[in-house]
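Student:
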Amino acid sequence: PFDYFEGRYSQFLECHNLTTVDIVGTEGINKTISSFMMQSWRDEMKKEIGRINLELPSIDGYRKTNAIRLWIRSVINRLECFKTEHNRLLEEHMTQLE
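FYI, in our numbering the residues of the sequence shown are 30 to 127.
#1: Taking C-alpha atoms, which residue in 123, 115, 126 and 121 lies nearest to residue 66?
#2: Pick from 70, 64 and 85: whose alpha carbon is nearest that of residue 51?
#3: Could you give the uninterrupted runs of the alpha helix (DSSP H) lying entirely in the segment 62 to 92, keeping only those of 4 residues or more?
#4: My output table needs one value for residue 125: the three-state DSSP class, helix, strand or coil.
#5: By Cβ distance below 7 Å, which residues in the same chain neighbour residue 63 in space, the five residues on each side in sequence not counted?
#6: So which of 57, 54, 89 and 53 has the shortest CA-CA distance to residue 46?
#7: To the nearest angstrom, report how far apart residue 119 and residue 53 are at their CA atoms.
Structural data, given as structure tokens:
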């Protein structure tokens, strides 16, 4: 929830013991990632998804909510970028086959 007094989201405020995040719906995400043409894209997405669990233990309890929000945004942005480029390359290859 948004904390209007503090002017920020506060779901994990003072969750000093929060050290890992588990993604719900990994089957769909993994299916999308495994369909990418480029191994480097697949590797980068897996690294980005796992990054939060490497960093979270060292993040101050007051900053965990923001760190998780930024991480989610980063994962979604990279995923969308790679999906767009993947589809562009597929279309380009299909055109060449015609």
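Note that beta-carbon positions come from the ideal geometry of N, C-alpha and C, so glycine has one too.
Tutor: Looking at the atomic coordinates:
#1: Position 37 of the sequence shown, counted from the start, is the residue given in the question as residue 66. The candidate whose alpha carbon is nearest that of residue 66 is 115.
#2: In the sequence shown, the residue the question calls residue 51 occupies position 22. Closest by alpha carbon: 85.
#3: If we require 4 residues or more, the alpha helix (DSSP H) runs fully inside the segment 62 to 92 come out as 68 to 84.
#4: Residue 125 sits at position 96 when you count from the first residue of the sequence shown. Helix, per DSSP.
#5: Translated into the one-based positions of the sequence shown, residue 63 becomes position 34. So the qualifying residues of the chain are 71.
#6: The residue labelled residue 46 in the question sits at position 17 within the sequence shown. With distances taken between Cα atoms, residue 46 lies closest to 89.
#7: Sequence index remark: in the sequence shown, residue 119 carries index 90 (1-based). Sequence index remark: in the sequence shown, residue 53 carries index 24 (1-based). The straight-line gap from Cα to Cα measures roughly 29 Å.
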